[in-house]
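Undergrad:
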Amino acid sequence: MHKYAFNPGMPPRLWLPYKLLRIMRLTIVLLVASLVQVSAAGYGQKITIVKNNISLTEVFKEIRKQSGYNILWQPDKVDDSKKLNLKLKAQELEQVLDEVLKGQHLVYSIEDQTIRIKYQAPSFLEKLAAAWRNADVHCRVEDEKGEPLAGASVRVKGTNKAVVTDDKGEFTIKQLEENTVLVISYLGYKTKEILAKEVSGSSAIQLEPAAG
1 MHKYAFNPGM
11 PPRLWLPYKL
21 LRIMRLTIVL
31 LVASLVQVSA
41 AGYGQKITIV
51 KNNISLTEVF
61 KEIRKQSGYN
71 ILWQPDKVDD
81 SKKLNLKLKA
91 QELEQVLDEV
101 LKGQHLVYSI
111 EDQTIRIKYQ
121 APSFLEKLAA
131 AWRNADVHCR
141 VEDEKGEPLA
151 GASVRVKGTN
161 KAVVTDDKGE
171 FTIKQLEENT
181 VLVISYLGYK
191 TKEILAKEVS
201 GSSAIQLEPA
211 AG
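Under full-length UniProt numbering, the sequence shown has 25 at position 25, and the numbering climbs by one with no breaks.
#1: Return the residue from the list Thr159, Phe124, Leu187, Gly158 that minimises the CA-CA distance to Gly151.
#2: Less than 9 Å between the C-beta atoms of Asn85 and Ile115, yes or no?
#3: Excluding the 5 residues flanking Pro148 on each side, which residues of the same chain have their C-beta closer than 8 Å to its C-beta?
#4: List the residues that DSSP assigns as beta-bridge partners of residue 241.
#5: Between the alpha carbons of Val137 and Lys192, how many angstroms are there, rounded?
#6: Classify Pro122 as helix, strand or coil using the three-state DSSP reduction.
#7: Would DSSP call Asp98 helix, strand or coil?
#8: Using the three-state DSSP reduction, which class does Leu187 fall into: helix, strand or coil?
#9: Please report the straight-line C-alpha distance between Leu176 and Ala135, rounded to a whole angstrom.
#10: Quick one: is Ala210 buried, meaning 16 or more other Cβ sit within 10 Å of its Cβ, or exposed?
#11: What residues match up with Asn70 in a beta bridge as DSSP calls it?
#12: Considering just the uninterrupted stretch of the alpha helix (DSSP H) at Lys197, what are its terminal residues?
Take a look at the structure:
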């Protein structure tokens, strides 16, 4: 006959077989390892997008297809008129998102297999910069004596956009970025190239007579 002694005032101990304890510990370890692996697999997902002239909405769909993540965004905040030329090969999910959202005023967060894209309003400085980047350029084209050159050609380099100076030698081109190059030409004078931001800071553009 077995005798069991209990300490008065103390609750009886729960006793589990050693084998059962080992199984429970092993189960917990495997469960934790599985969760870590699932998490790592999600964030370590490799994305490949090599395509030209692709919209942001198409990019989101491709990311969803390759990663298995759900993507939520506001269609009215996504400008699909801006086409992207992408050459992303085996990139991390975060790297791809950083690249495609650059300059779009959009930010993202990742939680529970879901990517949320949100609009971020531009700062005051960004608004000022944007206003300058798309400023109207107005100036006057003169000869070496300071006389106006009517009918001079002013062309935006690399495009078909061009205007001709009026009888006062003046011209206006709307919505130009600061680093746009203007090409000014007139018969009998040397062709001149000048940045739009330099034109805005001067009262006139002076052309030099062509040699000979």
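For every residue, glycine included, the Cβ atom is placed at its ideal position computed from N, Cα and C.
Just so it is clear, the structure is predicted and the values come from calculations on it, not from any experiment.
TA: Well, looking at it:
#1: Leu187
#2: no
#3: Arg140, Val141, Glu142, Thr165, Asp167, Lys168, Gly169, Glu170
#4: The structure shown does not extend to residue 241, since the chain is modelled only from 1 through 212, so no value can be given for it.
#5: 16 Å
#6: coil
#7: helix
#8: coil
#9: 5 Å
#10: exposed
#11: Thr114
#12: 196-200
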